[in-house]
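Taking it in order: structure first as structure tokens, then the write-up.
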Amino acid sequence: MKKSDIHFSVELDSQNIPEKIYWEATDNPNEGLSDTRAIAISLWDHYHNSTLKIDLWTKDMEVIDMKRFMIEIMSGIADTALSATGDQRMADDIEKTCQVLSKRLEEEIKQQKQQQQ
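Position 53 of the sequence shown, counted from 1, bears residue number 53 in the UniProt record's numbering, the numbering being contiguous throughout.
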């Protein structure tokens, strides 16, 4: 049986706010630690029938990028919903929400650019 490992390392400031996040995985084509600005991990706890979550982001994660990150996570969940359950309607509903949020984010980015001019 094949084994794959994923490791995260988080550097915290004096108030326990992440400053740096690093990750590595045995199946990652890049050798060694890679840095990232945000991670979102969800685990299914079958003993309690609930989800355990770890969401971390660094101080230098831009708000726009964080919003984009959340939209892309949701889009991935739509793909997972379809492949794991076969529920096309659920996947479509999630994807429609992502489209609405993406449009809203594009408008927000446009407004920010106009304000900077």
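We put the beta carbon where it would ideally sit given N, CA and C, even for glycine. Nothing here was measured: the structure is a model prediction, and the numbers come from that model.
Using only the alpha-carbon positions, how far apart do ILE6 and ASN28 sit? Straight-line Cα distance between these residues: approximately 9 Å.
Can you pull the DSSP bridge partners for LEU56? LEU56 pairs with ILE39.
Ignore the nearest five residues each way along the sequence and tell me which others in GLU95's own chain have a CB closer than 7 Å to its CB. Within the same chain, and ignoring the five residues on either side of GLU95 in sequence, the residues whose Cβ sits closer than 7 Å to its Cβ are SER75 and ALA78.
Residue burial classification, ILE21 (beta-carbon count within 10 angstroms, cutoff 16): Counting Cβ neighbours within 10 Å, ILE21 comes out buried, since at least 16 surround it.
Just reading off the beta strand (DSSP E) that GLU24 is part of, what are its end residues? Looking at the DSSP string, the run of the beta strand (DSSP E) that includes GLU24 is 18-25.
Is the Cβ-Cβ distance between LEU105 and LYS53 less than 8 Å? For LEU105 and LYS53, no; Cβs fall outside 8 Å.
Buried or exposed: residue 119, going by 16 or more other Cβ atoms within 10 Å of its Cβ? The requested residue 119 is not part of the displayed model; the chain covers only 1 to 117.
Between which two residues does the beta strand (DSSP E) carrying SER9 extend? Per DSSP, SER9 belongs to the beta strand (DSSP E) from 6-12.
State the Cα-Cα distance for the pair residue 146 and ILE109, rounded to the nearest angstrom. Nothing about residue 146 can be reported from this structure: the residues present for the chain run from 1 to 117 only.
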